[in-house]
Every structure is written in structure tokens, then in C-alpha cells.
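A.B. asks: Numbering (the numbering used here), first residue to last: 62 to 195. Note that beta-carbon positions come from the ideal geometry of N, C-alpha and C, so glycine has one too. All of these numbers come straight from a predicted model, not from anything done at the bench.
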């Protein structure tokens, strides 16, 4: 139900929030006590589909999808473009790389956000209201 704290729990699991009490454990590791560097390692294993897509408005679709690749991998530009193409094909989007989020429908934005969530081939994907806007 709305307002029950689902989004807050997902943010705790992803290490975006730290709990006031209790523990958050992922893969036998306490997420709630990790340093920022340790959290980066955990986050590389997780994809997160935010409730409102959380795309960077000032970036193109290609730049939005490249962001996690640049932050978390040593993938070169050619390999990045191929992974972006594959991720967009997986969510059935084509010829949108140069568009900005504002130029896309809500459903297309959600699919771009899903492509970003899967682009690092995570072990776990956290979905926050995945059908909103579809």
C-alpha cells in the first residue's frame, strides 16, 4: 500500500540511506556499516529502478546509460556504445540515444531507466514502483 515504506526499504538495501537501528545485509555483508568505497562495490552488483526514473535531465539517453559504465567499469567508448545499444534493445527502444528524457514519454523514460538498471548486468535489481507510467 501507498506510504508503507517500500521505497525507504529499497533505499536502505541499496545503501542510499542508513538505518537508525537494525542491520542491512547483502551477500553476507553489512551494507549499513560500509564505507563509501565499500558501498560502491555493493552497488555495482545492484541495479535500481527508481520510482520516478531518476534520469539526468541535462544528459542524453546515451549519456544516462553511459554514466554507470563510466563510474563502475573501465569499458572503452566503443564497448560502451555496444552495451548501451544492447541494453536499449533489451527494453525495445531504438534510435533514442541522442534524445533527452524530456523528449520521451513517461513509459519510454521508465524503459531507459530499466536499461540503465541492467547495463552493469547486476546480480540483483531493486524495482521501486516498476509499472508506474507504463
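Write down every uninterrupted run of the alpha helix (DSSP H) in the region 63 to 92 whose length is 4 residues or greater and which is fully enclosed by it, in chain order.
C.D. replies: List check, alpha helix (DSSP H) in window: 67 to 74.
A.B. asks: Measuring CB atoms only, is the region 160 to 179 touching the region 109 to 120, in the sense that at least three cross pairs come out at less than 8 Å?
C.D. replies: At 8 Å Cβ cutoff, the stretches touch.
A.B. asks: Sort out for me which residues DSSP pairs residue 108 with in a bridge.
C.D. replies: 186.
A.B. asks: Quick check on residue 162: does DSSP put it in helix, strand or coil?
C.D. replies: Helix, per DSSP.
A.B. asks: Are residue 186 and residue 148 closer than 9 Å when you measure CB to CB?
C.D. replies: Against a cut-off of 9 Å, the Cβ pair of residue 148 and residue 186 comes out as no contact.
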